[in-house]
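J.:
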């Protein structure tokens with residue numbers, strides 16, 4: 212792909228993301244729903260008081276991992292405490308992600324696969340959509356693309372250390388990514404001797420451990436509890452165990468939880484740490500009483516994470532538009548990615564990094580609630596594999612003519 216085409220694509224990616232951000236922002240202002248977010252209040256409280264806390268009252272919290280909240284706080288501190296600054300930063304970051312994806316796919320696969328992945332990323336509707344809201348997916352996708360690019364571009368220990376820093380940040384954006392990040396340190400995809408692989412793995416895992424350890428130590432100092440990521444995970448696990456998947460996020464979920472005596476009792480406990488411990492204990496008891504049902508629901512969540520069509524819910528846009536966007540993107544990208552996965556099934560990167568990352572993240576989210584949004588950062592890998600599938604179709608077509 213020429214430099215002119217690359218620049219034009221990056222400009223278009225930024226234009227689409229900025230355009231939707233402005234549209235969504237004004238629509239939200241008119242609806243009166245602006246500012247009702249989970250992460251942003253903690254960032255504002257941190258800047259105002261220096262305490263990682265939930266307003267009002269400044270009560271310290273471990274309910275949300277700090278990676279995305281610190282990103283918001285940095286934007287507010289650098290520019291101004293206006294949420295539109297965060298959305299504009301996310302739009303720019305998402306456009307840069309498309310460029311990283313092109314460079315990564317070109318290095319690992321082929322020019323044709325890279326070109327396809329790049330343009331698919333430019334127009335991918337979920338990448339465009341999530342830049343306009345306080346969701347973590349734009350940052351997660353950017354970090355994943357940058358980690359993989361650094362590991363593929365440079366083979367020395369210094370690059371592995373930098374990738375480990377990025378992986379630590381990624382884990383602290385969403386702790387469900389921790390198994391995949393630690394696997395990246397162990398995956399033997401690096402070229403060279405065994406000693407070189409060991410040095411690279413050590414250089415990768417050291418900053419990862421230090422960053423996760425720093426957040427865990429903060430929580431120990433504040434709460435005297437070992438909380439490596441989020442103190443909300445217990446409640447999420449219990450809800451995903453006890454509530455059928457098809458009613459998650461609906462009024463029926465609220466009705467079922469209100470009828471659950473143990474859930475109701477735990478919800479009245481003061482303190483998020485105490486609540487989390489009680490939810491984890493309840494989840495353990497439920498698993499021991501219903502192990503097969505838990506495994507069945509876990510398998511269902513894993514499968515539904517990769518469904519093409521989202522459930523009909525109260526979205527910010529008409530469901531018909533949401534469904535058409537899903538069919539017009541994932542509806543044909545997934546089959547191409549499966550073809551690409553088959554073609555490159557023996558490739559070290561695919562076998563030891565890409566496929567395990569998809570499986571580990573899917574498994575982590577299958578234990579809790581798993582909306583389609585959670586798979587969006589993994590589309591960095593899926594789009595590259597779809598590019599490989601597209602390149603394979605072109606090769607087969609040329610062979611027939």
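Residue numbers (this note's numbering): 212 to 612.
Every residue, glycine too, gets a C-beta built ideally from N, C-alpha and C.
1. Across which residues does DSSP place residue 271 in a beta bridge pair?
2. Just verifying my parser: in three-state terms, what is the DSSP assignment at residue 212?
3. Taking residue 552 as the reference, which of 351, 473 and 603 has the closest Cα?
4. Identify, in the order they occur along the chain, each residue of the same chain with its Cβ nearer than 8 Å to the Cβ of residue 584, setting aside the five sequence neighbours on each side.
5. Would you identify the three-state DSSP class for residue 520, choosing helix, strand or coil?
6. For the stretch 365-403, list the alpha helix (DSSP H) runs that are entirely contained and at least 4 residues long, ordered along the chain.
7. Which residues in the same chain have their Cβ closer than 7 Å to the Cβ of residue 592, if we skip the five residues on either side of it in sequence?
8. Taking residue 222 as the reference, give the member of 304, 277, 290 and 508 with the closest Cα.
9. In this structure, does DSSP put residue 496 in helix, strand or coil?
10. Measure the alpha-carbon distance for residue 251 versus residue 608 and round it to whole angstroms.
11. Exposed or buried, which one is residue 291 when buried takes at least 16 other CB atoms within 10 Å?
12. Is the beta carbon of residue 452 closer than 9 Å to that of residue 645?
13. At the level of alpha carbons, what is the spacing between residue 370 and residue 450?
14. Does the stretch 467-487 touch the stretch 306-317, meaning 3 or more C-beta pairs lie closer than 8 Å?
15. Rounded to whole angstroms, what is the Cα-Cα separation between residue 295 and residue 236?
16. Hey, residue 419 and residue 396 are a contact pair by Cβ (cut 8 Å); roughly how many whole angstroms apart?
17. To the nearest angstrom, report how far apart residue 393 and residue 611 are at their CA atoms.
18. State the DSSP-derived secondary structure class of residue 465, mapped to helix, strand or coil.
19. Are the Cβ atoms of residue 422 and residue 380 separated by less than 9 Å?
20. State the CB to CB distance for the pair residue 577 and residue 494, rounded to an integer number of angstroms; the pair is presumed to be in contact (CB under 8 Å).
21. Residue 318 to residue 364, Cα distance in whole Å?
22. Restricting to runs no shorter than 3 residues, where is the beta strand (DSSP E) found entirely within the stretch 519-592?
23. With H, G and I counted as helix, E and B as strand and the rest as coil, what does DSSP make of residue 237?
24. Over the uninterrupted alpha helix (DSSP H) stretch that includes residue 211, give me the two end residues.
25. From the beta carbon of residue 395, is the nearest beta carbon of chain B less than 9 Å away?
26. Rounded to whole angstroms, what's the CA-CA distance from residue 557 to residue 573? Just pull it up for me.
27. Under a Cβ-count criterion, where at least 16 other Cβ atoms within 10 Å of its own Cβ denotes burial, should residue 298 be classed as buried or exposed?
28. Just confirm the distance between the C-beta atoms of residue 354 and residue 377, as a whole number of angstroms; I'd bet it's less than 8 Å.
29. The alpha helix (DSSP H) spanning residue 410 covers which residue range?
30. Count the other C-beta atoms from every protein chain shown that fall within 10 angstroms of the C-beta of residue 541, then say buried if there are 16 or more, exposed otherwise.
31. Taking all protein chains shown into account, decide if residue 270 is buried (16 or more other Cβ within 10 angstroms of its Cβ) or exposed.
32. Kindly indicate which three-state DSSP category residue 339 falls into: helix, strand or coil?
33. Give the single residue among 465, 598, 515 and 255 whose Cα lies nearest to the Cα of residue 549.
34. Given that a residue counts as buried once 16 or more other Cβ atoms are within 10 Å of its Cβ, and exposed if not, what is residue 555?
35. Check whether the Cβ atoms of residue 480 and residue 579 sit closer than 9 Å, and answer yes or no.
T.: So, from the data block:
1. Against the chain shown, residue 271 aligns to sequence position 60. Per DSSP, 264.
2. Start at 1 with the first residue of the chain shown, and residue 212 comes out as number 1. Of the three classes helix, strand and coil, the one that applies to residue 212 here is coil, per DSSP.
3. Taking the first residue of the chain shown as position 1, residue 552 is located at position 341. Comparing Cα positions, the closest option is 603.
4. The count along the chain shown starts at 1 and reaches residue 584 at position 373. Excluding residues up to 5 positions away in sequence, 337, 341, 346 and 348 lie with their Cβ nearer than 8 Å to the Cβ of residue 584 in the same chain.
5. The residue you call residue 520 lines up with position 309 of the chain shown. In this structure, residue 520 counts as coil in the three-state DSSP scheme.
6. Counting only runs of at least 4 residues, the stretch 365-403 fully encloses the following alpha helix (DSSP H) elements, listed from N- to C-terminal order: 368-384 and 389-397.
7. Here residue 592 is taken as the residue at index 381 of the chain shown, counted from 1. Here residue 592 has 565, 568 and 569 as same chain residues with Cβ atoms under 7 Å from its own Cβ, once five neighbours each way along the sequence are excluded.
8. For the purposes of this step, residue 222 is identified with residue 11 of the chain shown, where counting begins at 1. Of 304, 277, 290 and 508, the residue nearest in Cα terms is 304.
9. Numbered from its first residue, the chain shown carries residue 496 at position 285. Looking at residue 496 - three-state DSSP - the assignment turns out to be helix.
10. Taking the chain shown and counting its residues from 1, the one referred to as residue 251 is at position 40. Taking the chain shown and counting its residues from 1, the one referred to as residue 608 is at position 397. Going from the Cα of residue 251 to the Cα of residue 608 covers about 51 Å.
11. By 1-based counting over the chain shown, the position of residue 291 is 80. By the Cβ neighbour-count rule, residue 291 is exposed, with fewer than 16 other Cβ atoms within 10 Å of its own.
12. The first residue shown for the chain is 212 and the last is 612, placing residue 645 beyond what the model contains.
13. One-based indexing of the chain shown puts residue 370 at position 159. One-based indexing of the chain shown puts residue 450 at position 239. When only Cα atoms are considered, residue 370 and residue 450 end up about 40 Å apart.
14. Short answer: they don't touch.
15. Taking the first residue of the chain shown as 1, we reach residue 295 at position 84. Taking the first residue of the chain shown as 1, we reach residue 236 at position 25. Rounded to whole angstroms, the separation of the alpha carbons of residue 236 and residue 295 is 8 Å.
16. Residue numbering aside, residue 419 sits at position 208 when the chain shown is read from its first letter. Residue numbering aside, residue 396 sits at position 185 when the chain shown is read from its first letter. The pair is a contact, with the Cβ atoms about 7 Å apart (cut-off 8 Å).
17. Mapped onto the chain shown, residue 393 falls at position 182. Mapped onto the chain shown, residue 611 falls at position 400. Residue 393 and residue 611 have their C-alpha atoms roughly 44 Å apart.
18. Residue mapping note: residue 465 aligns to position 254 of the chain shown, counting from 1. In the structure shown, residue 465 sits in a helix (DSSP, three-state: H, G or I).
19. Numbered from 1 along the chain shown, position 211 holds the residue referred to as residue 422. Numbered from 1 along the chain shown, position 169 holds the residue referred to as residue 380. A contact, by the Cβ cut-off of 9 Å.
20. Numbered from its first residue, the chain shown carries residue 577 at position 366. Numbered from its first residue, the chain shown carries residue 494 at position 283. That pair is no contact at about 14 Å.
21. On the chain shown, residue 318 is found 107 positions in, with the first residue counted as 1. On the chain shown, residue 364 is found 153 positions in, with the first residue counted as 1. If you draw a straight line from the Cα of residue 318 to the Cα of residue 364, it comes to about 8 Å.
22. For the stretch 519-592, there is no continuous beta strand (DSSP E) assignment of 3+ residues that stays within its boundaries.
23. For this step, residue 237 is matched to residue 26 along the chain shown. Residue 237 falls in the helix class under three-state DSSP.
24. Residue 211 is absent from the structure shown; the chain starts at 212 and stops at 612.
25. Looking for chain B here will not work: only one protein chain is present.
26. Your numbering for residue 557 matches position 346 in the chain shown. Your numbering for residue 573 matches position 362 in the chain shown. Each residue's alpha carbon lies about 22 Å from the other.
27. Residue 298 sits at position 87 when you count from the first residue of the chain shown. Buried is the call here.
28. Here residue 354 refers to the residue found at position 143 of the chain shown. Here residue 377 refers to the residue found at position 166 of the chain shown. Approximately 5 Å separates the beta-carbon atoms of residue 354 and residue 377; this is inside 8 Å, confirming the contact.
29. Within the chain shown, numbered from 1, the residue matching residue 410 stands at position 199. It spans 405-434 - the alpha helix (DSSP H) in which residue 410 sits, taken as one unbroken run.
30. Here residue 541 refers to the residue found at position 330 of the chain shown. Counting C-beta atoms within 10 angstroms of its own C-beta, residue 541 has 16 or more neighbours from the protein chains shown and is therefore classed as buried.
31. Stepping through the chain shown from its first residue, residue 270 is reached at position 59. Exposed, because fewer than 16 other Cβ atoms sit within 10 Å of the Cβ of residue 270.
32. As a position in the chain shown, residue 339 is number 128, starting the count at 1. Of the three classes helix, strand and coil, the one that applies to residue 339 here is helix, per DSSP.
33. The residue you call residue 549 lines up with position 338 of the chain shown. Taking only the C-alpha atoms, the option nearest residue 549 is 598.
34. Residue mapping note: residue 555 aligns to position 344 of the chain shown, counting from 1. Its Cβ being crowded by 16 or more others within 10 Å, residue 555 is buried.
35. In the chain shown, the residue the question calls residue 480 occupies position 269. In the chain shown, the residue the question calls residue 579 occupies position 368. No, Cβ-Cβ distance for residue 480 and residue 579 is not below 9 Å.
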